[in-house]
Amino acid sequence: MIVRTTAEITGTERDVAGPGWRSKRIVLGGDGVGFSFHETTIEAGTLHEFHYQHHIEAVWLVEGEGTLVDLDHGVSYELVPGSMYLLDGHERHRLFARTGMRMLCVFNPPVTGQEVHDENGVYPLVAVARESAE
């Protein structure tokens, strides 16, 4: 059994940030469960373009409002608390945060925890070994 809090993750190697976003990686590939689970926050007024070329991502918006644009199909979606989106086709997408947004995200395959988006908004696909139990 794994039990973690976001408070204990804050300020550790599991707490990763970039311009306008922060991701607390609660469950990672090294945990050996086949997915990773993150709490991601996006700053108000920021625009981000992502393309998870190697991962499926499910996102549930807990707080905030914004607009999601599916760049592959030219469709826009208004996001409010309780909205969920699933990038099951590796869609390139743009996210505009009208207000600060807090999201819970699941990635498959799992990430290692230190990935950051490359110039195309892509996370690299990295094989991970299971970490030993603490």
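For what it's worth, my numbering labels the leading residue of the sequence shown as -6, then goes sequentially. Don't be surprised by glycine CBs; every beta carbon is placed ideally from N, CA and C.
Query	Result
Start and end of the beta strand (DSSP E) containing A10?	8 to 11
Thinking E42 and L80 are a contact (beta carbons under 8 Å), I'd like their distance in whole angstroms, please.	With a Cβ gap of about 13 Å, E42 and L80 do not count as contacting.
Sort out for me which residues DSSP pairs M94 with in a bridge.	I35
With F30 and I19 assumed to form a contact (beta carbons below 8 Å), what rounded beta-carbon distance in angstroms separates them?	5 Å
Kindly identify the DSSP beta-bridge partner or partners of G59.	L72, A90
How many Å lie between S76 and F89 at the Cα?	14 Å
Helix, strand or coil for E129? Go by DSSP, reduced to three states.	Residue 129 is absent from the structure shown; the chain starts at -6 and stops at 127.
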